[in-house]
Amino acid sequence: MAPIITTARIVCKSKEARVTVTEAFHKIIQFTQPHEPEVLRYMVTLPVEDTTGTVLYMIEECARRPLLSDHRPAHTEQIRISRRKRRPHTTGPVQDLIKLFTTGDVLAQPPEVHVCPIIASHNSSLVPRISSNPAIVLAHFGYEMQTREKALEGSKSIAEEMKKESGTKGFTVADDKEASCVRTMVVYESWEAAESVHKGKEANIERGGTSGQGAVRVRAVDGFLGREERGKL
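Here the UniProt record's numbering is used: the first residue of the sequence shown is 1, the next is one more, and so on.
So, in structure tokens, the structure goes:
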């Protein structure tokens, strides 16, 4: 089964509420990193351009879909994107986040969550540290259903090309069939590298049958970008 990437855009009621939410995610990260090796990446990130101080993005990559049931309830409780049964061993920190989201009065609106199979990726064998302040860009590119296969194949070829870019530390492509778009997450060693590489990538994806719909620049403030023993970000 293909690995899965989950992204959640969370808008909090205030700056203080965002701090509370990030602290709850920190507890999940503390448990996940040593105890759940199939979770390849778990990050809390903040938008670079956010002036409100209330928005955050959670990014999680799992080696296989079933593990997501341990983490998704905290996000899906608010938006009801899945009716799958929860696994009985949902961790305490996740249960705490569920409680916070449902009774803590911290959310300004339901989280926007996307759970998508990964169709292509390239990751550096040297895992960047949060402290190195890597540049992370989230983007999505819409496609018409009749051009889906072309768009996916084009995106896979871009993933191969990204391996040659010295400033690129990772590239993940996912297929969001529900939204008819390709979603990408790219990790660069710096914002300078992001500026020089990202524009060319967008143009190449558009030629593959998709149309760009903007990108969000984020910086990681907590979590882990990957596991060194897997050669993953």
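Where a beta carbon is used, it is the ideal one built from N, C-alpha and C, also for glycine. Small disclaimer: the values here were computed from a predicted structure and weren't measured.
What residue from the options has the CA that sits closest to residue i's CA?
i      : options                           : result
Ser157 : Cys12, Ser166, Ile119 and Thr102  : Ile119
Ala179 : Glu161, Val113 and Val127         : Val113
Thr51  : Leu225, Gly226, Arg227 and Val218 : Val218
Cys62  : Ala24, Thr172 and Thr6            : Thr6
Val221 : Thr32, Arg41 and Thr45            : Thr45
His35  : Gly92, Ala151 and Leu56           : Gly92
Arg64  : Trp191, Pro3, Val182 and Leu225   : Pro3
Ile10  : Leu40, Phe31, Pro37 and Leu97     : Leu97
Asn133 : Ser125, Lys164 and Phe224         : Phe224
I need the boundaries of the alpha helix (DSSP H) containing residue i, first residue and last residue.
i      : result
Gly142 : Here Gly142 belongs to no alpha helix (DSSP H); instead the beta strand (DSSP E) covers Ala135 to Tyr143.
Ile28  : Lys15 to His35
Val94  : Gly92 to Thr103
Leu152 : Arg148 to Met162
Here's the rule: buried if 16 or more other CB atoms are within 10 angstroms of the residue's CB, otherwise exposed. What is residue i?
i           : result
Lys169      : buried
His122      : buried
residue 235 : In the structure as shown, the chain begins at 1 and stops at 233. Residue 235 is therefore absent and cannot be evaluated.
Met145      : exposed
Val173      : buried
Leu126      : exposed
Pro128      : buried
Phe141      : buried
For residue i, I'd like the list of residues in its chain whose CB is within less than 8 Å of its CB, leaving aside the five on either flank, ordered along the chain.
i      : result
Arg207 : Since pLDDT at Arg207 reaches only 45, below the 50 mark, its modelled position is unreliable, and the value read off the structure follows with that caveat. Hits under 8 Å: Gly154.
Gln78  : Legend: pLDDT at Gln78 = 40, less than 50; position of this residue unreliable, value from coordinates given subsequently. Result list for Gln78: Phe101, Thr102, Leu107, Pro110 and Pro111, in chain order.
Ser196 : Gly167
Glu16  : none
Keeping to the same chain, check which residues put their C-beta closer than 7 Å to that of residue i; ignore five residues upstream and five downstream.
i           : result
Cys12       : Arg18, Val21, Thr54, Val106, Leu107 and Ala108
residue 234 : Residue 234 cannot be examined here, being either before or after the span of the chain that is shown, 1 to 233.
Ala159      : Ala120, Ser121, His122, Phe171 and Val173
Ends of the beta strand (DSSP E) at residue i?
i      : result
Leu56  : Val55 to Cys62
Lys169 : Thr168 to Asp176
Glu189 : That residue, Glu189, is in no beta strand (DSSP E); it is neither H nor E in DSSP.
Pro47  : Val39 to Pro47
Cys12  : No beta strand (DSSP E) contains Cys12, which DSSP labels as neither H nor E.
Val115 : Glu112 to Asn123
Does any CB atom of chain B fall closer than 8 Å to the CB of residue i?
i      : result
Leu138 : In the displayed structure, chain B is absent; only one protein chain is listed.
So, for residue i: in the same chain, excluding its five sequence neighbours on each side, which residues have a beta-carbon less than 6 Å away from its beta-carbon?
i     : result
Ile59 : Thr7 and Met43
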